[in-house]
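Engineer: In the numbering used here, the protein residues as written are 1 to 362.
Cβ atoms here follow ideal geometry from the backbone N, Cα and C, with glycine treated the same way.
No experiment lies behind these values; they were computed from the predicted model shown.
First, the structure itself, so that you have it in front of you.
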Amino acid sequence: MNFPSDITSILERIQSIDPKKYGATRNHKSGAVTRLSPYIARGVISTKMVFQHILNLELAYFDTVKLIQELAWRDYWQQVWIAKGTAIDNDLKHEQPHVSHHKIPSTLIQAQTGIEAVDQAILEFYNTGYMHNHMRMYVASIACNIGHAHWFQPAQWMYANLLDGDWASNALSWQWVAGANANKKYYANQENINNFFESEQTDTFLDVEYDQFETLKTPKLLLHKEQFELKTELPASNDLALNKELPTCVYTYYNLDPEWRKNESVNRVLILEPSFFDKYPVASKPLDFALALSKNIKDIHIFVGEFSDLQEQLDSSRIIFKEHPSNQHFIGKQDERDWMFSVKGYYPSFFAFWKKCNKELD
């Protein structure tokens, strides 16, 4: 799975998506997924941009609705993060049931769960920074519902290694699987994994009927656990050498949009705040990917430090940034980002949110 960082290749990838094939095959290992999620997560492109491309194809509603829905999930998770803030770092709706520990099963990190398709996917994940969305659900279910880990540390591990790491999407999806953000837990047995991930394995701890899961004892393979710990290695700051007569556009890990105020005469600074990466650490591969994406922005400067440190060097009234829940402490002029629909605010379920969005498709 290859993820180029140049904007030309990214735009070509948008042109190549096949909504109809996506809808029919998206849950399968070899399905026609878009491979756009890393660029959406880093704010290089928006869900609205992809949505508009889909509409321009002038396909029938039923041929596009699955892909549009999946894009809308990303907007939905972001709306929850905006509404709930750091509350998404804790069990959102219910206390996660049957939690035995707040660590992560060692065999998950080591890709030695004994579930061949899962272990292969984890190894590929480390190599590429990508994991199929369906596989992410399998992994979360194994960690939380079979291994009885609280969702937070395993979710941090996954987020830290994903090129498309979006804390809202990641944390809230893990909670959904674990029953903390849903009314039931998500399970998948070996037959399900074999069906979608081209394996034929039997006699594993997942080779059971669904009605057996609630009484299943923690498999020996998942008993050993460890603390997930990671310190993000941030790069050195550039010499800013900014023109203080000009406004400054501040980019972040979540906003690397090369089209943002592209034709304006401004300073352009990518801020990497140590406090943010201490709270939500990422490994070198996703960070290097983000830095590569930032090269699509002409004359970008890298600033490693807190926003308050940057403020000391600039006039706050001339700082411009894009709205995002990770930078609510920024001070200056806030630009709104693009959304697919006009629907805003907190909805307790995606389908309550989608019902409103779907009306705008009529």
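Indicate the three-state DSSP secondary structure (helix, strand or coil) for residue 74 in the structure shown.
Structural biologist: One-based indexing of the sequence shown puts residue 74 at position 74. Note: residue 74 maps to helix in three-state DSSP.
Engineer: Compare the C-alpha of residue 263 against each of 276, 275, 249 and name the closest.
Structural biologist: Your numbering for residue 263 matches position 263 in the sequence shown. Among 276, 275, 249, the Cα nearest to that of residue 263 is on 249.
Engineer: Grouping DSSP H, G and I as helix and E and B as strand, with all else coil, what is residue 206?
Structural biologist: The residue you call residue 206 lines up with position 206 of the sequence shown. Coil at residue 206, not helix or strand.
Engineer: Could you tell me the distance, in whole angstroms, from the CA atom of residue 208 to the CA atom of residue 27?
Structural biologist: Numbered from 1 along the sequence shown, position 208 holds the residue referred to as residue 208. Numbered from 1 along the sequence shown, position 27 holds the residue referred to as residue 27. If you take the alpha carbons of residue 208 and residue 27, they lie about 21 Å apart.
Engineer: With distances taken from CA atoms, which of 18, 14, 43 is nearest residue 270?
Structural biologist: Walking along the sequence shown from the start, residue 270 turns up at place 270. Comparing Cα-Cα distances from residue 270 to each of 18, 14, 43, the minimum goes to 43.
Engineer: Please name the residue in 41, 21, 14 whose C-alpha comes closest to that of residue 32.
Structural biologist: Numbered from 1 along the sequence shown, position 32 holds the residue referred to as residue 32. Taking only the C-alpha atoms, the option nearest residue 32 is 21.
Engineer: Is residue 329 buried or exposed, if buried means 16 or more other CB atoms sit within 10 Å of its CB?
Structural biologist: Taking the first residue of the sequence shown as position 1, residue 329 is located at position 329. Per the 10 Å Cβ criterion, exposed.
Engineer: Among 6, 174, 69, which one has its Cα closest to the Cα of residue 45?
Structural biologist: Residue numbering aside, residue 45 sits at position 45 when the sequence shown is read from its first letter. When only C-alpha atoms are compared, the closest one is 6.
Engineer: For residue 341, tell me which candidate among 331, 294, 89, 359 has the shortest Cα-Cα distance.
Structural biologist: As a working note, residue 341 is residue 341 in the sequence shown. Closest option to residue 341, Cα to Cα, is 359.
Engineer: Can you check the region 258-335 for any alpha helix (DSSP H) of at least 4 residues that lies completely inside it and give the ranges in chain order?
Structural biologist: The region 258-335 contains these whole alpha helix (DSSP H) runs: 274-279, 284-294, 307-313.
Engineer: Does the beta-carbon of residue 310 have 16 or more other beta-carbons within 10 angstroms, so that it is buried, or is it exposed?
Structural biologist: Locating residue 310 in the sequence shown gives position 310, where the first residue counts as 1. Answer is buried; the Cβ neighbour count reaches 16.
Engineer: Using a Cβ distance threshold of 8 Å, determine whether the region 114-127 contacts the region 165-184, with at least three qualifying pairs required.
Structural biologist: Not touching, per the Cβ criterion.
Engineer: Check whether the region 151-164 and the region 103-114 are in contact - that is, three or more C-beta pairs closer than 8 Å.
Structural biologist: Yes, they touch.
Engineer: Would you tell me roughly how many angstroms separate the C-alpha atoms of residue 291 and residue 140, rounded to the nearest one?
Structural biologist: On the sequence shown, position 291 is the one that residue 291 refers to. On the sequence shown, position 140 is the one that residue 140 refers to. Between residue 291 and residue 140, the C-alpha separation is close to 28 Å.
Engineer: Using 8 Å as the threshold, is the region 59-68 in touch with the region 192-202, meaning 3 or more CB pairs across them?
Structural biologist: They do not touch, by the three-pair rule.
Engineer: Measure the alpha-carbon distance for residue 133 versus residue 243 and round it to whole angstroms.
Structural biologist: Working through the sequence shown from its first residue, we reach residue 133 at position 133. Working through the sequence shown from its first residue, we reach residue 243 at position 243. So the alpha carbons of these two residues sit roughly 44 Å apart.
Engineer: Rounded to a whole number of angstroms, what is the C-alpha to C-alpha distance between residue 346 and residue 87?
Structural biologist: What you label residue 346 is simply residue 346 of the sequence shown in a count that begins at 1. What you label residue 87 is simply residue 87 of the sequence shown in a count that begins at 1. Answer to the nearest angstrom: the Cα atoms are 13 Å apart.
Engineer: Is the region 142-151 close to the region 175-190, with three or more CB pairs under 8 Å?
Structural biologist: Yes, since at least three Cβ pairs between the region 142-151 and the region 175-190 fall closer than 8 Å, the two stretches touch.
Engineer: What separation, rounded to the nearest whole angstrom, lies between the Cα atoms of residue 246 and residue 319?
Structural biologist: Residue 246 sits at position 246 when you count from the first residue of the sequence shown. Residue 319 sits at position 319 when you count from the first residue of the sequence shown. Whole-angstrom Cα-Cα distance: 9 Å.
Engineer: Can you list, in chain order, the residues of its chain with a C-beta nearer than 8 Å to that of residue 119? Leave out the 5 residues immediately preceding and following it.
Structural biologist: Position 119 of the sequence shown, counted from the first residue, corresponds to residue 119. Contacts found: 111, 112, 113.
Engineer: What residue does the beta strand (DSSP E) around residue 248 start on, and which one ends it?
Structural biologist: The sequence position of residue 248 within the sequence shown is 248, counting from 1. 248-251 is the extent of the beta strand (DSSP E) around residue 248.
Engineer: By how many angstroms is the C-alpha of residue 79 removed from the C-alpha of residue 338?
Structural biologist: One-based indexing of the sequence shown puts residue 338 at position 338. One-based indexing of the sequence shown puts residue 79 at position 79. Using only the alpha carbons, I get a separation of about 12 Å.
Engineer: For residue 148 versus residue 100, is the C-beta spacing smaller than 8 Å?
Structural biologist: Looking up residue 148 in the sequence shown gives position 148. Looking up residue 100 in the sequence shown gives position 100. Contact: yes.
Engineer: What did DSSP end up calling residue 17 once you bin it into helix, strand or coil?
Structural biologist: Numbered from its first residue, the sequence shown carries residue 17 at position 17. Three-state result, residue 17: coil.
Engineer: Among all the DSSP beta bridges, which residues are the ones paired with residue 104?
Structural biologist: The residue given as residue 104 occupies position 104 in the sequence shown. Answer is 226, bridged to residue 104.
Engineer: Give me whichever residues DSSP pairs with residue 255 in a beta bridge.
Structural biologist: Here residue 255 is taken as the residue at index 255 of the sequence shown, counted from 1. Its beta-bridge partners are 252.
Engineer: Between residue 138 and residue 1, is the Cβ-Cβ spacing less than 8 Å?
Structural biologist: Locating residue 138 in the sequence shown gives position 138, counting from the first residue. Locating residue 1 in the sequence shown gives position 1, counting from the first residue. Going by C-beta atoms, residue 138 is not nearer than 8 Å to residue 1.
Engineer: Under 8 Å, do residue 315 and residue 323 count as touching if we go by C-beta distance?
Structural biologist: Counting from 1 along the sequence shown, the entry for residue 315 is found at position 315. Counting from 1 along the sequence shown, the entry for residue 323 is found at position 323. For residue 315 and residue 323, no; Cβs fall outside 8 Å.
Engineer: What do you get for residue 8, buried or exposed, if any count of 16 or more other CB atoms within 10 angstroms of its CB means buried?
Structural biologist: In the sequence shown, the residue the question calls residue 8 occupies position 8. Its Cβ having fewer than 16 others within 10 Å, residue 8 is exposed.
Engineer: Buried or exposed: residue 254, going by 16 or more other Cβ atoms within 10 Å of its Cβ?
Structural biologist: As a working mapping, residue 254 is identified with position 254 in the sequence shown. Burial call: buried.
Engineer: Identify the continuous alpha helix (DSSP H) that holds residue 191 and give its terminal residues.
Structural biologist: As a position in the sequence shown, residue 191 is number 191, starting the count at 1. That run of the alpha helix (DSSP H) goes 190-196.
Engineer: Quickly, what does DSSP pair residue 149 with across the bridge? List them, please.
Structural biologist: Here the question's residue 149 lines up with position 149 in the sequence shown. DSSP output for residue 149 lists 101 as bridge partner(s).
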